[in-house]
Amino acid sequence: MGLSGLGFLLPTIVLHVLYFNLLARGYAQGDLSLVYPVARGMGPMLVPVLAVIFLNETIASLAIVGIAAIIGGIYTISWWANSIKR
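With positions in the sequence shown counted from 1, the corresponding number in our numbering is that position plus 3.
Structural data, given as structure tokens:
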């Protein structure tokens, strides 16, 4: 790997360390049935959005529907978990 590869490797390492630390903190403080789906849903939701922002990609209409479904699912899980706690 050349020096140009380090421009991708170092941010990737930082993001993975941050992700695993936040995931461990989420598991320590929250219920697995809430933390796991939110953590798994964030990647497929954020990657297309970040690709639009940083790479000038376009998102297909069906992909937008999928992203909206993921967001709706995350909000539904969060709402459901909060309503049970009350």
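Positions of the beta carbon are idealized from the N, C-alpha and C atoms, including for glycine.
All values derive from a computational prediction rather than experimental measurement.
Original post:
Ends of the alpha helix (DSSP H) at Asn-24?
Top reply: The sequence position of residue 24 within the sequence shown is 21, counting from 1. Segment 6–32, the alpha helix (DSSP H) holding Asn-24.
Original post:
Roughly how many angstroms lie between the CA atoms of Gly-10 and Val-41, to the nearest whole one?
Top reply: The residue given as residue 10 occupies position 7 in the sequence shown. The residue given as residue 41 occupies position 38 in the sequence shown. Those two C-alpha atoms are separated by around 29 Å.
Subject >> Ile-56, enclosing alpha helix (DSSP H) - first and last residue >> reply: Mapped onto the sequence shown, residue 56 falls at position 53. Where Ile-56 is concerned, the enclosing alpha helix (DSSP H) stretches over 35–58.
**OP:** Specify the secondary structure class of Ile-62 as computed by DSSP and reduced to three states.
**Re:** As a first step, residue 62 is located in the sequence shown; it is residue number 59 there, counting from the start. If DSSP states are grouped into helix, strand and coil, Ile-62 belongs with coil.
Original post:
Taking Cβ to Cβ, would you say Ile-73 is nearer than 8 Å to Gly-44?
Top reply: On the sequence shown, residue 73 is found 70 positions in, with the first residue counted as 1. On the sequence shown, residue 44 is found 41 positions in, with the first residue counted as 1. For Ile-73 and Gly-44, yes; Cβs fall inside 8 Å.
Subject >> Closest residue to Ala-71 among Ile-87, Gly-5 and Val-52 (Cα-Cα distance) >> reply: Indexing the sequence shown from 1 puts residue 71 at position 68. Of Ile-87, Gly-5 and Val-52, the residue nearest in Cα terms is Val-52.
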